[in-house]
Structure formats: structure tokens, C-alpha cells
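Visitor:
In full-length UniProt numbering, the protein residues as written are 1 to 630.
1) Where residue 558 and residue 339 are concerned, what is the direct C-alpha to C-alpha distance, given to the nearest angstrom?
2) Start and end of the beta strand (DSSP E) containing residue 502?
3) Across the region 432-443 and the region 615-622, are there enough close Cβ pairs to call them in contact, namely three or more that are closer than 8 Å?
4) Looking only at its own chain, which residues have a Cβ that is under 6 Å from the Cβ of residue 624, when we skip the five neighbours before and after it?
5) Could you give the uninterrupted runs of the beta strand (DSSP E) lying entirely in the region 513-600, keeping only those of 3 residues or more?
6) Under 8 Å, do residue 94 and residue 84 count as touching if we go by C-beta distance?
7) Would a C-beta distance cut-off of 8 Å place residue 522 and residue 602 closer than the cut-off?
8) Which residue comes first and which comes last in the beta strand (DSSP E) that contains residue 354?
9) Apart from the five residues just before and just after residue 511, which ones in its own chain have a Cβ nearer than 6 Å to its Cβ?
10) Pop quiz: residue 465 and residue 458 are said to be a contact at Cβ under 8 Å. What is the actual Cβ separation, rounded to whole angstroms?
11) Using alpha carbons as the reference points, say which of 434, 106, 300, 427 lies closest to residue 587.
12) Among 60, 220, 32, whose alpha-carbon lies nearest the alpha-carbon of residue 112?
13) Can you tell me where the beta strand (DSSP E) holding residue 469 begins and where it ends?
14) Based on the DSSP output, what are the partners of residue 328 in its beta bridges?
15) From this set, 104, 330, 109, which residue's C-alpha is nearest residue 123's C-alpha?
16) Hey, could you find the ends of the beta strand (DSSP E) residue 441 is sitting in?
17) If you check the beta carbons only, do residue 230 and residue 155 fall under 8 Å apart?
18) Within a Cβ cutoff of 8 Å, which residues of the same chain sit near residue 569, ignoring the five residues on either side of it in sequence?
19) Have a look at residue 499 and residue 516 and give me their C-alpha separation to the nearest angstrom.
20) For the beta strand (DSSP E) that residue 455 lies in, which residues bound it at each end?
21) Taking just the CA atoms, how far does residue 351 sit from residue 561?
22) Residue 61 and residue 22: beta carbons closer than 8 Å?
23) Round the Cβ separation of residue 211 and residue 180 to the nearest angstrom and send it over; I've been treating them as touching at under 8 Å.
24) So, are the CB atoms of residue 432 and residue 407 less than 8 Å apart?
25) With the cut-off set at 8 Å, would you say residue 102 and residue 44 are in Cβ contact?
26) If I measure Cβ to Cβ from residue 331 and keep anything under 6 Å in the same chain, skipping five residues before and after, which residues do I get?
27) In angstroms, rounded to a whole number, what distance separates the CA positions of residue 375 and residue 514?
28) Report back the beta-carbon spacing between residue 369 and residue 415 to the nearest angstrom; my notes put them in contact at under 8 Å.
29) For residue 377, I'd like the list of residues in its chain whose CB is within less than 6 Å of its CB, leaving aside the five on either flank, ordered along the chain.
30) Give me the residue from 611, 591, 276 with the minimum Cα distance to residue 346.
31) Within the continuous beta strand (DSSP E) that includes residue 413, where are the two ends?
32) Measure how close the beta-carbons of residue 40 and residue 109 come, nearest whole angstrom, since I'm counting them as under 8 Å.
33) If I measure Cβ to Cβ from residue 423 and keep anything under 6 Å in the same chain, skipping five residues before and after, which residues do I get?
34) How many Å lie between residue 447 and residue 620 at the Cα?
35) Going straight from the alpha carbon of residue 566 to that of residue 534, what length do you get?
36) List the endpoints of the continuous beta strand (DSSP E) containing residue 487.
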């Protein structure tokens, strides 16, 4: 990227060396299909390492050179243009072909049979969108800036800040962009109605990009840095996965050594243009100050005034309607954020359209940030126009500056800041209206035994104190052995041990057996579909208790179990037997469950064992090294 931008004489060498890196890796991966020489992770690594931003730029430039004529990259090439063009066009075809085989073929690579079942086209498209286009905004998926700082060095926060600055630039250059759009519209000669509308949409984006990047070239550098940062982090995080082994052989060695000439060219560039680099560093503080000044005041003007500036008198007549729309959209955004925070911090009872069904949560989250970004842009536009017109006195404008600042950043950043705080509060107080709470710990690693710890309010300060703990154990390995929920020693010396010391869960048939000191004291059965339900029998009292979940969905492949179990008969009919809350912030292996009973009875313990098994499965999933979490 450095050579393509500054060293015009080394572009040919740089592009050819890039192709010498990418093609051997992809061809070696393609040749290894169905040979069992490569693992599935080797193939995924090949796809990731070749999908660099520079490779994408090369493919884009080749397509543009083919259909629209020479562009910046191909104008700098001195030889081999035809070869580079065709190799650049073939690169995305080869890349997508290998990517599809990796994702859908159950026999392509060594461990494909264990990992390639259940892939759908929807899931594949979703992952490609996240990993290749919006993965740089991982903070949207984690919804936690602190986690972004810890896991990705603040890449998500920096990307969001750049998006906000870009919105300010769009507002500051709004008349420049409108003039550029008008100029480009006058040049186009297409009479087809559909093509004209399509060209108008493209013109809006291209004119905005042209004006902003020409006036503020640092934005291109920032975008390139963020894209490469995301790409490198994706590769680095993938390298720490368990049982990784690289086996590209000679193709890998050749590709690794092919980076030597570009590195030598970069060194030569730094040596020859050392004075220019020092001058750039000396001017950097001044350029930064000038950029901040432009964000705040719109001065100095960095775009030449057009000879025929666009008339805005017609637009000014619509300001009352714009202000009304502004108030309505901001009120809608406040409500949207409140619903988003509620759905993300209070999983039960479910919120229709937000987390009910569970698949609605991801699109609702992305829509929250997309809508918030649009509202940010609208607020910046309205407040900028207000401060530029000097209406209602200078003193009032000074008083409104804090409100304007909050409204210009709040719609975009408020969900990120509010959701972790709400989740932390719910973790602390979600079970205050219940008699007790249980923390299901699925374990940080497969060797750790999952536990269910019971907490009840203290008689002195009303804070939750540990009383009992049960462990989930299995006699043997595999899915055919039953699992047992076994009572451990009481955490509180003053507490009376519960009657039930062990519960057995049969795997082949959904049967539950509870054992007390005298032997078998309760039994029952359960069903996971269509609703999670239990039929429980007490051997001593001969009472039968029936429980059923409120919602059909309760267990998810990429989320903690979430359920509200109600009594279906007796005096407690319609009452809550237990209700899951949230996972602990930055500790996805720990799930809180609210219980109404003051002692661990069979109606509480039997469902908890099933939930603990599901939480153990989710903990193994969420604690794996993961690049994207949207």
C-alpha cells in the first residue's frame, strides 16, 4: 500500500510480488482439495491471508480498467498490464470458489466432516458480510467499547470515530458536494429512466467520496490503516486456535520470500524521501489543528468555490419541515435506543421484534447503529446550519453548545455506552424480586466442572450470599453416558443442606431421577421440543408438578440459554418456576437464573441441570478464539 501510494517507479514490482504471494497460496489450497493434506483451518487461513485490502484494490482496479478505462493504478503500470488485468479479474473468482468449497463441502479437507455440517447460504452470506465488509466495526457486535479496547486495541472505537468525523465532513462540504453532483449530472447523457436514477445514486456516493478525500487526504490513509488493522488482527487471532498446523510446503515458503523485494523497495523509498517524511511529521500537528478547526468552524475552505454555485434559496423554505422531521426522528431514535438496551439487558420476558424470535436480534442491532448514524448526520446538519446563521443571539448559541454536542454524538455512541451499563445493572439487580438466584458456570475450559451456585439474600444487609453448590459430572466420555447434578458441601455453615443430594439425567431417554439420603425420592421426564417442559413426581407426597417454557426458543448455538418456566397446574399455576437473566459482562460462561423457591427443591433443580448442560455447551463456543462477533 505504501509503494502504490508514493513510489510510482516500483508499482510494477509491487503488484507482481503481490500476485506471487496470493496465487501460489490459493492454487496450493485448491490442489489440496480431497487429498487430506490440509486441515480445514489451513484452508480458512489461506482464504483470510489472501483477502487483503490491497488484493481487493487490485481486483477492483482490474475490473474498472476492463469496463471503464484506465484508473490510477493502471496508469502507473509500465509493463504487463494485460497479464495483471486478467490475473486481477480471476483473483476474486478463484477466491470465492475456494471459499464456497471450504464452507459447504463435507469432504474437501482433513477435518471437514466434523465441522462443515449445517452450513446454510444465509449463514455463509452473513459471515462474509461481517468478516469482509463490516468486521472492522466489531464493536457493533460486542456492543462494548471496553471489550473492543481489550480485544482489538480500540479498532472498533477508532472506526466509529472516523465514521462520525466523515459525517461532519459531509455536512461541512454539503454545498460543495451538491455542486459536484450537479456538475456530474450535467455531464451524463443517458435517457433511460432506470439508468438515470441508478446513476444519481452512484453520483451521490462518488461525489461525496471525491470531495471529502480531495479536501482531507488523511481520511484515505485512515481507512487503509483500519482495513489493514482488521485484516492483520483477523489472521493473528486465527493463529492462536488449538491444533493449528501450517502445511503449505514449498508454496508457502515461496510466498513468504516474495515479500522481500517490496520490503527492500519500502526501505529504499524511506531512504530517498527521508526529508519529505520529516517535513510531513513536522507539519502533522499543524494539519491536525487545522482539521479540528475545520470540524468546528468549517474554515479554512479547502474546496474551490464553483463558478456557478448551487442556489439554496429554495432549500431554505423547507427548514420548518426539516425541523419538524428532525424532532420526530430524534424522538424515534430515543425510543429505539431504549428498546435496544432493554432487549439486550433483559432477555426475559421477550420483546417481540427485538429478541423474539432470537434471530431478530442481530438485524435489529445493526439497524440501531445504522439509524443512529443517519440521525447523527441529520443533527450535525441542523445544528451546523443553526450556528452558521447566527440566529437568536450569541449568548443563546453558547448555552446550546453542550446540547448540540450531545445530540450530534448521542444517537451513534449512546447504544454502545448504555448497553454494557444496563447489562451490569441487570446482573446485579435482576433477581431482586425473587427469593434467590443461581449462577450457572459452564467453565472456562473443558476440564473445569460446570457448577450451579445458589445465592440467597443475607438477613443483615440483604446482599446475596452463597449457600449451596451443585456440580455437573459425567461417569465416562461420550454422549451415551448419563450426567449427574451432585450436591457439594454447603458454602454457608449455618445453612441446612438440601434434601436432594444427586439428580441423574438419562441421555438415551429423557428421564430424570432424584436421590435423597434415603434413596430415590423423585423422578420425572422432560421434553426439549416444541417447548421445554417437565413432568416431575415426588415419591413421598405423590404430588405431580408440570412445568413448561413460555417461548419455544430456549437453546441457541451462539447464545446462552434463555427461558421462563411456568407452573402448569396446582396452586402455583401460571407462576414462575425459574427465569434466566443475563450472562456476566466479559464472562460469557456465567449465566444468572432467578428462582422463587427458598430451598433447592426438585422443581428447581431438575430444570437447572438441563440449563447447566446448555450453558456448558455455550461456554465452549463463546470462549473459543473468535474474530467477529456480530
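Beta carbons: idealized from backbone N, C-alpha and C, even for Gly.
Guide: Reading it off the structure:
1) Counting only the Cα atoms, residue 339 lies some 22 Å from residue 558.
2) Unbroken beta strand (DSSP E) run through residue 502: 502-505.
3) The count of Cβ pairs closer than 8 Å, one atom from the region 432-443 and one from the region 615-622, reaches three, so the stretches are in contact.
4) If we look at residue 624 and ignore the five residues flanking it on each side, it has no Cβ neighbours.
5) 519-527, 533-538, 544-549, 564-567, 576-584, 587-595, all fully within the region 513-600.
6) Not closer than 8 Å, so no.
7) Contact flag set, yes.
8) Counting along the chain, no beta strand (DSSP E) covers residue 354, and no H or E run does either.
9) Here the set comprises 525.
10) Confirmed, Cβ separation roughly 5 Å.
11) The candidate whose alpha carbon is nearest that of residue 587 is 427.
12) Comparing Cα-Cα distances from residue 112 to each of 60, 220, 32, the minimum goes to 32.
13) For residue 469, the enclosing beta strand (DSSP E) begins and ends at 464-474.
14) Residue pairing by DSSP places residue 328 in no beta bridge whatsoever.
15) Nearest Cα to residue 123 within the set 104, 330, 109: 104.
16) For residue 441, the uninterrupted beta strand (DSSP E) segment begins and ends at 436-441.
17) Contact flag set, yes.
18) If we look at residue 569 and ignore the five residues flanking it on each side, its Cβ neighbours are 544, 545, 546.
19) Each residue's CA atom was taken as its position, placing residue 499 and residue 516 some 6 Å apart.
20) Element bounds for residue 455: 451-457.
21) Their Cα atoms are separated by approximately 16 Å.
22) Not in contact: residue 61 and residue 22 (Cβ atoms no closer than 8 Å).
23) In this structure, residue 211 and residue 180 form a Cβ contact; the two beta carbons are roughly 6 Å apart against a cut-off of 8 Å.
24) Taking a C-beta distance under 8 Å as the contact criterion, residue 432 and residue 407 do not qualify as a contact pair.
25) Yes, they are a contact pair.
26) Within the same chain, residue 331 has no close Cβ partners at all.
27) Each residue's alpha carbon lies about 57 Å from the other.
28) The Cβ separation is near 7 Å, so the contact holds.
29) Hits under 6 Å: 167.
30) When each option's Cα is compared against that of residue 346, the closest is 591.
31) For residue 413, there is no enclosing beta strand (DSSP E); the residue is part of the alpha helix (DSSP H) that begins and ends at 394-429.
32) Their Cβ separation, rounded to whole angstroms, is 5 Å, which keeps residue 40 and residue 109 in contact under 8 Å.
33) Cβ neighbours of residue 423 beyond the five flanking positions: 345, 582, 585.
34) Per the coordinates, the alpha-carbon of residue 447 lies some 11 Å from the alpha-carbon of residue 620.
35) Cα to Cα, the separation comes out at about 10 Å.
36) Segment 483-487, the beta strand (DSSP E) holding residue 487.
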